[in-house]
Amino acid sequence: MMNDLFLLSIAGFAIILLLLVVVAFLNLKREQKKLKQAYQALALQIQRSGDDIVGLCSAAAAVDRRLSANEALLRDVQESIEIQQNNAEYLSGYDRDSIDEGESEQPQIYRQAIERIHSGATIDELVRACGMTRDEAVLLMRLHSPN
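Residues 1 to 147 in full-length UniProt numbering are what the sequence shown spells out, letter by letter.
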């Protein structure tokens, strides 16, 4: 009888232990399912974040290309402005008094050429008499011809 009672208590303990193991196993399965769903949600979020990063990189590259093009245009404009400023400074520094006073030989030649143009000289006469190129003579003729 003692053996039967002992065996019965061991069997009852084994059944209770088996039920606890089954309950624990079911809880672990439920937790595993939750973790799997959380993992899938995180994987999807990482994929979306990666797609966002790719889009941002593409947009940044496009902005960089436009910025480079604008910088090149700006450099061209700055160079053009500098050239125009240099030309304006050169032309404003051209002292008309020095032509009248004969301080420079080249402005004196131009003054003589302009006087000849006013008196009716031709382009060939300007080239011969003043020692200038044909292009210079044509330009002076266009600028100072009375016609």
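Each residue gets a CB set at the ideal place from its N, CA and C atoms; glycine is no exception.
Check                                                                                                                                                                                       : Outcome
Quick one: Cα of residue 73 to Cα of residue 55, how far?                                                                                                                                   : 27 Å
So residue 117 and residue 141 are supposed to be a Cβ contact under 8 Å. How far apart are they, rounded?                                                                                  : 6 Å
Please report the straight-line C-alpha distance between residue 59 and residue 42, rounded to a whole angstrom.                                                                            : 25 Å
Give every residue of the same chain whose Cβ lies closer than 8 Å to the Cβ of residue 85, excluding the five residues on either side of it in the sequence, and list them in chain order. : none
Skipping 5 residues on each side, what residues in its chain have a beta carbon closer than 6 Å to that of residue 137?                                                                     : 123, 126 and 127
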